[in-house]
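Notes to accompany the following structure.
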Amino acid sequence: MKSTDDAEFKSGFHRFQVKKLILFSLLIFFSFAAFAQDRLAPSIEWKEIQNPRFVVVFPKGYENQANEIAQTALRQYNLLVELWNVTIESKVRLLLAPDSDVAGGSITLFPFPAIRIDMAPPSPDSRLSGGREPWLDKVLAHELTRLLLLHMSSGFFRQLRRVIGPLPFTFPMMQYPSWLHQGLAVFSESLICPSGRLNTPDYRQMFQHIAAEGDFQHFLSLRGSPSRWPGPVTKLMYGAEFLRFLAHRYGQESLQNLVTHLSRVPLSLGISLRFKHMYHLRLRKLWRQFGLAAGQGENSDVPLRLLTRDGWIKQHPEVLDDNRLVWVSDNYRSRPGIRILNRRSGRPGWLLRRWGISSLAYDNQSRELVFSAPEVFRSFRWISDIYSCSPDSGECRRWSRGKSLFHPHPFPIGSGLICVSRDRDRFRLARLDAPLSEPVMLSANYVGLAHPRISPDGNKVAVALKQRERNWSIALFTPAGELEFIIHVPEKRCSVPRWLDNNRLAFVLSSQKKSTIAIANLSRRNVRTMKGLHSPEIRYLAVANNDSLLTIFLNAGGEDLAVVSINESEWTDIPADWLSAQPRPRPESATPGRPYNKWRDLAPRFVSPDASYVEKELQIGARISGRDLPGHYDYMARALYGLRTQRWNTDLRLMLGDFFPRITLTWRREHQVLENRIRGDFIQTNAFLNLEAQFPLKVRRQYRWDLAVGIHVNRIQDRSFLHDPAETVKLNGFSLTLICDSDQRYYDAFTRTDGGRFVLMTSWDLTLNGSSAVRSLALDWRRYITLRHPNVLAMRLAVAHSWGEAPRVFYMGGAGTPGRAGLVEGRLFSLMRGFPAGYSSGFGGWQFNLETRLQLLKIERALPVGPSFERLYMALFCDIGNMWTQRLHFSPTVTWGVELGMLLYLGGSVEIGLGMAANHSLPDNPTIYFRIGESF
9 MKSTDDAEFK SGFHRFQVKK LILFSLLIFF SFAAFAQDRL APSIEWKEIQ
59 NPRFVVVFPK GYENQANEIA QTALRQYNLL VELWNVTIES KVRLLLAPDS
109 DVAGGSITLF PFPAIRIDMA PPSPDSRLSG GREPWLDKVL AHELTRLLLL
159 HMSSGFFRQL RRVIGPLPFT FPMMQYPSWL HQGLAVFSES LICPSGRLNT
209 PDYRQMFQHI AAEGDFQHFL SLRGSPSRWP GPVTKLMYGA EFLRFLAHRY
259 GQESLQNLVT HLSRVPLSLG ISLRFKHMYH LRLRKLWRQF GLAAGQGENS
309 DVPLRLLTRD GWIKQHPEVL DDNRLVWVSD NYRSRPGIRI LNRRSGRPGW
359 LLRRWGISSL AYDNQSRELV FSAPEVFRSF RWISDIYSCS PDSGECRRWS
409 RGKSLFHPHP FPIGSGLICV SRDRDRFRLA RLDAPLSEPV MLSANYVGLA
459 HPRISPDGNK VAVALKQRER NWSIALFTPA GELEFIIHVP EKRCSVPRWL
509 DNNRLAFVLS SQKKSTIAIA NLSRRNVRTM KGLHSPEIRY LAVANNDSLL
559 TIFLNAGGED LAVVSINESE WTDIPADWLS AQPRPRPESA TPGRPYNKWR
609 DLAPRFVSPD ASYVEKELQI GARISGRDLP GHYDYMARAL YGLRTQRWNT
659 DLRLMLGDFF PRITLTWRRE HQVLENRIRG DFIQTNAFLN LEAQFPLKVR
709 RQYRWDLAVG IHVNRIQDRS FLHDPAETVK LNGFSLTLIC DSDQRYYDAF
759 TRTDGGRFVL MTSWDLTLNG SSAVRSLALD WRRYITLRHP NVLAMRLAVA
809 HSWGEAPRVF YMGGAGTPGR AGLVEGRLFS LMRGFPAGYS SGFGGWQFNL
859 ETRLQLLKIE RALPVGPSFE RLYMALFCDI GNMWTQRLHF SPTVTWGVEL
909 GMLLYLGGSV EIGLGMAANH SLPDNPTIYF RIGESF
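Residue numbers for the sequence shown follow the working numbering, so the first one is 9 and each next one is one higher.
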């Protein structure tokens with residue numbers, strides 16, 4: 009009788025616990041969703057228009073821009089097809105992304121060819137800025153060329169892509185170095201766009217200065233991530249100039265024949281032979297001729313007083329007082345920011361580190377710097393706002409939040425700032441009266457406005473202005489936003505206005521050959537330019553005093569600051585138009601568009617081969633996947649056959665990102681051989697169904713906090729090789745995961761070099777055949793410290809414990825990559841090198857991994873083995889682990905060793921490692937292991 013009562017009690021208790029679990033989980037899901045949907049950004053209503061070659065997908069309200077881009081894309085496509093004799097099998101998707109205040113573009117090949125354009129018009133100091141034609145023409149021509157040339161191949165590969173999809177090995181052009189791809193894109197954009205980068209002075213003068221200093225780089229050093237100036241631009245600049253050299257010496261048809269020949273080679277063992285086939289000279293000799301023909305840079309005959317000599321990127325100089333000046337600096341190897349120079353000591357230092365600073369101005373009244381910079385707003389938008397900073401303490405405060413404001417400048421009399429406000433692709437002058445106040449719009453809408461500066465008496469506002477079908481000019485406004493007149497210099501670009509006094513205005517004047525300094529006299533209505541200053545990188549000015557200007561000049565190592573005397577320089581008059589024009593209206597669109605058809609893009613197109621290597625087992629199989637263009641919906645289903653376990657592993661994932669929070673449904677069934685020191689070898693089958701909602705708590709460029717709530721059904725089965733009865737554990741419950749990500753991978757780095765990752769996980773499960781709950785708690789902490797760029801000290805600490813009548817069992821051992829969700833997937837302690845997977849087990853444990861990652865060589869520099877091999881590095885590691893069952897005890901196991909890692913690019917970044925681990929208690933001492941994927 010007692011046993012019956014106990015059974016009924018346990019059964020009732022179990023049903024009560026299950027109901028409580030379900031109700032509590034649903035409450036968490038819907039309460040968070042209701043709260044967040046009211047606070048965060050609403051869903052964008054996507055629309056589309058089509059023509060014979062393109063599907064343009066855009067947000068509602070961008071109908072005019074979409075129609076213009078569709079027409080431009082079709083025109084450029086026809087020109088590029090005629091130029092390179094290549095077509096794309098399917099329609100190209102064009103995504104107009106409205107969620108960024110930084111201009112740019114990118115391409116994707118899977119599951120369909122697509123181009124993404126961030127619809128934020130650049131300021132005139134950007135290399136993406138156009139001339140008379142829209143800036144989008146240049147970006148679109150560049151990305152469309154890349155997409156077209158990657159699709160160039162023989163008929164066999166075209167048919168193969170139709171069957172198995174656009175996998176990396178079906179694009180023969182992908183096996184060639186990126187400097188060739190980027191160079192061809194810049195060369196093409198310059199042929200069909202007047203403002204292409206070969207038609208502006210930047211690349212030519214940078215290239216000539218580098219050649220004049222004897223720092224001309226070999227083509228092998230351009231692969232991967234070039235570490236010397238000008239960094240990421242190196243591949244584009246050298247590639248485009250080299251192709252222009254070949255076109256000038258051998259004719260443009262030779263480039264067309266070269267590209268056709270390259271696309272017909274299914275497996276290239278070296279690019280040098282391909283050039284010899286076309287030009288009868290190896291690439292090394294052609295490159296030597298190219299270097300000899302590079303020419304010499306033009307030295308300035310204007311006396312420059314140098315203030316810095318460290319080169320790299322410098323922007324937006326500003327004078328604080330007679331002793332201090334500041335500028336924005338970036339060397340691509342660490343976080344950029346604002347640097348400050350004390351002229352007496354001559355030593356620059358960091359004032360503030362921040363990404364994307366687009367302007368600087370000094371407020372003499374408050375003794376603060378004001379600047380604009382983009383930041384993540386409402387979890388997904390990259391919005392520019394205004395901040396102020398004390399040059400003494402570096403303390404910052406925010407002036408706006410999510411307002412798309414740029415280029416602030418303080419009023420010389422009174423308080424407040426004048427700035428530029430962006431609404432889609434239109435700009436207006438605006439005024440901010442106080443921090444976090446609502447901006448007051450002043451002027452009409454224009455195609456472009458940038459760098460406003462208020463005259464010393466506060467009666468005029470000078471600003472760089474862009475009108476339709478005209479280049480950038482200098483416009484004069486009243487403080488109330490009324491346009492007075494425009495200073496337009498024919499066939500030249502005007503930018504960065506700076507007041508010398510109430511009557512004279514200095515600005516940067518750029519043509520196709522050079523950039524120089526110009527001064528406009530408002531009373532005489534004339535414009536004069538400085539003679540002899542030939543550097544193209546005079547893109548920023550600051551007034552040092554009434555007699556001198558603080559500017560930036562170019563040398564072989566980058567950009568440096570110098571003082572230019574106005575009275576000691578020679579000046580010459582140039583023709584200029586003084587206009588009183590008003591904004592030109594945009595023609596109305598005739599095609600409003602229709603709702604975006606996401607089901608067309610989500611439909612599965614291919615069954616693609618797939619493979620994986622997990623803990624001594626090779627798995628091969630197939631997969632189908634798809635996503636819509638905006639990335640709101642994503643799915644993947646695959647089946648892999650394990651050659652060691654002789655079982656099928658299945659994986660299904662569905663992501664719904666059009667809602668808030670992001671919801672992911674995952675079903676996975678995987679088999680793995682565990683070699684436990686107590687139980688012997690057995691196959692563990694882990695099957696789980698997980699419904700997870702991820703809520704962004706706080707997202708910034710430097711870090712992000714997320715909370716993930718999940719409901720899971722987990723079934724774990726252990727089956728030995730001796731045909732003993734299988735042991736099965738069923739765990740069903742919910743999980744909470746708190747995630748903080750701050751790790752950074754800077755340019756020219758082969759691994760994460762800064763920041764870290766913190767994950768706190770907890771789960772509450774019910775065993776369906778019992779009455780008690782199983783609780784688990786886990787911590788995963790990682791930290792990356794730069795030793796000497798690019799070398800890194802990496803640390804990881806993992807701790808987990810489970811308690812209850814039938815707690816979760818954790819396994820330690822192996823050389824695999826620890827999973828992101830260690831509780832359900834069971835991979836929290838999978839990085840104990842030297843020991844086989846599952847060697848130790850327990851209800852809890854901890855593990856500490858320490859690695860010193862040292863770069864050995866850049867493979868792309870030392871060995872011409874192909875563009876996919878980028879870096880070879882060595883990692884000295886020490887793994888310490890400890891497991892327990894019932895009682896917590898301290899008896900750690902230590903392994904140490906060395907690992908050689910190689911970074912490859914095979915349509916994406918891939919790491920492979922071969923290492924040796926040693927420990928006196930290892931089954932084989934030392935142990936050799938192989939891994940695909942990064943350690944942590």
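Backbone N, C-alpha and C fix where the C-beta goes; we use that ideal spot for every residue, glycine too.
Residue burial is scored here from C-beta neighbours: Val171 has fewer than 16 other C-beta atoms within 10 angstroms and is therefore classed as exposed. Within the same chain, Cβ atoms closer than 8 Å to the Cβ of Ser588 are found at Leu491, Glu492, Phe493, Ile494, the five residues on either side in sequence being excluded. Excluding its 5 nearest sequence neighbours in each direction, Arg677 has C-beta neighbours in its own chain below 6 Å: Thr658, Ala695, listed in chain order.
Per DSSP, Gly565 lies in no alpha helix (DSSP H) segment and is marked neither H nor E.
Contact between the stretch 256 to 270 and the stretch 345 to 357 is absent: fewer than three C-beta pairs spanning the two stretches fall below 8 Å. With fewer than 16 other beta carbons inside 10 angstroms of its own, Ile936 counts as exposed.
In the structure shown, the three-state DSSP call for Asp210 is helix. Within the same chain, Cβ atoms closer than 7 Å to the Cβ of Lys521 are found at Pro209, the five residues on either side in sequence being excluded. The C-beta separation of Leu549 from Val504 comes to about 5 Å, placing the pair in contact by the 8 Å criterion. The count of Cβ pairs closer than 8 Å, one atom from the stretch 638 to 652 and one from the stretch 189 to 202, stays below three, leaving the stretches out of contact. The beta-carbon separation of Gly921 and Arg939, rounded to 4 Å, stays under the 8 Å limit for a contact. Ile123 is positioned such that its CB atom lies closer than 8 Å to that of Leu152.
Taking the C-beta atoms as reference points, Ala470 is found nearer than 8 Å to Leu484.
Assignment of beta-bridge partners to Gln58 by DSSP yields Val63. Between Val918 and Trp854, the C-beta gap is not smaller than 8 Å, which leaves the two residues out of contact. Gly909 has its alpha-carbon roughly 9 Å from the corresponding atom of Gln863. In this model, Leu699 and Asn722 are separated by some 12 Å (Cα to Cα). Taking 8 Å as the cut-off, the beta carbon of Arg434 is found no closer than this to the beta carbon of Leu450.
Distance from the CA atom of Leu144 to the CA atom of Arg804, rounded to whole angstroms, is 45 Å. DSSP, reduced to helix, strand and coil, places Phe195 within a helical segment of the structure shown.
Taking all protein chains in view, the Cβ of Phe283 is crowded by 16 or more other Cβ atoms within 10 Å, so the residue is classified as buried. Secondary structure of Gly299 (DSSP, three-state): helix.
Shortest Cα-Cα distance from Pro240 to any of Trp904, Ile724, Tyr211, Phe561 involves Tyr211. Below 8 Å, enough C-beta pairs join the stretch 373 to 384 and the stretch 410 to 417 to call them touching: three or more.
With distances taken between CA atoms, Asp400 lies nearest to Glu376 out of Glu376, Ser423, Asp393. Judged by DSSP in its simplified three-state form, Ala701 adopts strand. The alpha-carbon separation between Gly222 and Ser137 amounts to approximately 30 Å.
A residue is called buried once 16 or more other Cβ atoms fall within 10 Å of its Cβ, and His285, having fewer, is exposed. Secondary structure within the stretch 377 to 424: the beta strand (DSSP E) runs of 3 or more consecutive residues, fully enclosed, are 389 to 397, 404 to 406, 413 to 418 (chain order). Ile394 sits close to Pro416, with the two beta carbons spaced by under 8 Å.
Glu683 counts as buried, since no fewer than 16 other beta carbons sit within 10 angstroms of its beta carbon. Met245 sits in a helix when the DSSP states are folded into three classes. Taking 8 Å as the cut-off, the Cβ atoms of Tyr184 and Leu244 do not count as close.
If only complete runs of 3 or more residues are kept, the stretch 98 to 145 shows the beta strand (DSSP E) at 100 to 105, 112 to 116, 122 to 126, in order along the chain. Secondary structure note for Leu836: it is in no alpha helix (DSSP H), with a DSSP letter that is neither H nor E. For Asn722, the enclosing beta strand (DSSP E) stretches over residues 712 to 728.
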